[in-house]
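Trainee:
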Amino acid sequence: MKNIYSIFIITLLLTSCGGGQKNSTENVLESNSLETIRKKRGELVNEQEALNEQIKMLDEKIKTLDTTKHVPLITTFTAKTEKFEHVLELQGNVTTKNLLTITPEYNGILTHVYVKEGQKVRKGQVLAKIDDGGLSQQIAQLKIQSDLAKTTYERQKRLWDQNIGSEIQFLQAKSTYESQQEAVNQLQQQIAKTTVKAPFSGTIDDVITEQGSVVAAGQTPLMRIVNLDDMYIEVEVPESYVSNVVKGKKVQVELPVLGKTIDTEIRQVSDFINPANRTFTAEIEVPNKDKDIKPNLTARLKINDYTSENAILIPQSVISENAEGEQYVYVVSNKNAENAGTAKRVIIGTGKTQGDIIEVTNNLEQGAEIIKEGARSVKDGQSVEVIKYKEAGNE
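What follows is the structure, given as structure tokens:
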């Protein structure tokens, strides 16, 4: 409005004297008189200063009369209730309990390897054989002695049942037979350790030690076996979520390498808080029908730790904080048909956040018109003009 008035006054003044001034200036220029030209220039400078002073006076008057100049222009949105599902974002690794590097139980030479990499095996299937170092011959001798001890014991028992012979002879025969049986059993257990069997059904992922190598019990890795049916993700959760992250909670699993997203749930939560980092462990089941999920894959987790059916959500950017640490927003009250109203400060309580969105827990009702753009520049009780209005706070 100020510019319109200024242009109007200047135009009026220039119109009233422009024609004569043009002719006068042309005449002065045609005179080729330095003194006359300088004099004319001085007159024009004086006229310009007078015009500037008049324009300044007009601007001051416009500033006084124009009441709309001081009204801030703002945008608003309406607070409304909606479902809010807060998620805790964590990162974990895919693993399985059926992943094992098999080591021998007996020292010796690895005489046979019966499987190859990629081969599927069943639980109890023989995978490899270690030389028993002559134990087979020893057990054959022990069995002969055991059979003799058994025969002696049975005969002595028949005599004892007929009250023939002494009790000490019967007990000696029984003891000899039992000791021979125990010796055979122990040797059979030793020989059994020379046979390497599959601890569970799965796939031979890697044959580490070749046939003919010398192996040490409990030390030499022979092969790695894995079963991809029972996969899960193990993740460490901060102790502050111990009451919200529980068995059965919904989880969204994202596997970036595979470009796959899976909806699953927590199947187990540890009851132990790690004192070193104040976390507890959660296991998330991962279905693996296609067998494309492998151990040690990195996974991103979104755990639904909080849900509110009727939450009021607003952008964090519209919230300010006073000297007492109280959070507040500005709402528009007494709005008229011309979209003019009054800014009102409202102290609010807040809850959980998700990105730039935060839940308002109290003191803000559904339908309140909240100032968005311009919220940092208005004051409580100040007149404002709404230039843009939105229905939802998260738009």
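Its first residue numbered 5, the sequence shown is counted upward by one per residue in my numbering.
Every residue gets a Cβ at the ideal spot worked out from N, C-alpha and C, and that includes glycine.
Please report the straight-line C-alpha distance between Ala-315 and Val-364, rounded to a whole angstrom.
Mentor: If I take the Cα positions, the gap works out to 7 Å.
Trainee: Using 8 Å as the Cβ pair cut-off and three pairs as the minimum, do the segment 144–161 and the segment 251–261 touch?
Mentor: With a cut-off of 8 Å, the segment 251–261 and the segment 144–161 do not count as touching, because too few Cβ pairs lie within range.
Trainee: Decide if the segment 370–390 is in contact with the segment 95–109; the criterion is three or more beta carbon pairs, one per stretch, under 8 Å apart.
Mentor: As far as the Cβ criterion goes, the segment 370–390 does not touch the segment 95–109, which means the pair count is below three.
Trainee: Could you tell me which residues DSSP pairs with Asp-210 in its beta bridges?
Mentor: Beta-bridge pairing links Asp-210 to Arg-228.
Trainee: Assuming Thr-115 contacts Leu-226 (C-beta within less than 8 Å), just tell me the rounded distance between them.
Mentor: Their Cβ separation, rounded to whole angstroms, is 12 Å, which puts Thr-115 and Leu-226 out of contact at 8 Å.
Trainee: Specify the secondary structure class of Gln-194 as computed by DSSP and reduced to three states.
Mentor: Note: Gln-194 maps to helix in three-state DSSP.
Trainee: Shortest alpha-carbon distance to Gly-206 belongs to which of Val-188, Asn-338 and Glu-121?
Mentor: Nearest option by C-alpha distance: Glu-121.
Trainee: Classify Ile-168 as helix, strand or coil using the three-state DSSP reduction.
Mentor: In this structure, Ile-168 counts as coil in the three-state DSSP scheme.
Trainee: Is Met-235 buried or exposed, if buried means 16 or more other CB atoms sit within 10 Å of its CB?
Mentor: The residue is buried, with at least 16 neighbouring Cβ atoms inside 10 Å.
Trainee: Distance, Cα to Cα, Leu-175 vs Gln-160?
Mentor: Looking at the two C-alpha atoms, the distance is approximately 9 Å.
Trainee: Classify Ser-217 as buried or exposed, calling it buried when 16 or more other Cβ atoms lie within 10 Å of its own Cβ.
Mentor: Flag for Ser-217 reads exposed.
Trainee: What's the call for Gln-190, buried or exposed, on a 16-neighbour Cβ count within 10 Å?
Mentor: Exposed, because fewer than 16 other Cβ atoms sit within 10 Å of the Cβ of Gln-190.
Trainee: Among all the DSSP beta bridges, which residues are the ones paired with Tyr-310?
Mentor: Beta-bridge pairing links Tyr-310 to His-90.
Trainee: With DSSP as the reference, label Gln-185 as helix, strand or coil.
Mentor: DSSP places Gln-185 in helix when its eight states are reduced to three.
Trainee: Alpha carbon to alpha carbon, what distance is there between Gly-138 and Trp-164?
Mentor: Roughly 39 Å between the two C-alpha positions.
Trainee: Is the beta carbon of Val-290 sitting closer than 8 Å to the one on Thr-346?
Mentor: Going by C-beta atoms, Val-290 is not nearer than 8 Å to Thr-346.
Trainee: Indicate the three-state DSSP secondary structure (helix, strand or coil) for Thr-156 in the structure shown.
Mentor: In the structure shown, Thr-156 sits in a helix (DSSP, three-state: H, G or I).
Trainee: Going by C-alpha to C-alpha distance, which of Pro-260, Val-273, Ser-28 and Ser-37 sits closest to Asn-300?
Mentor: Answer by Cα proximity: Pro-260.
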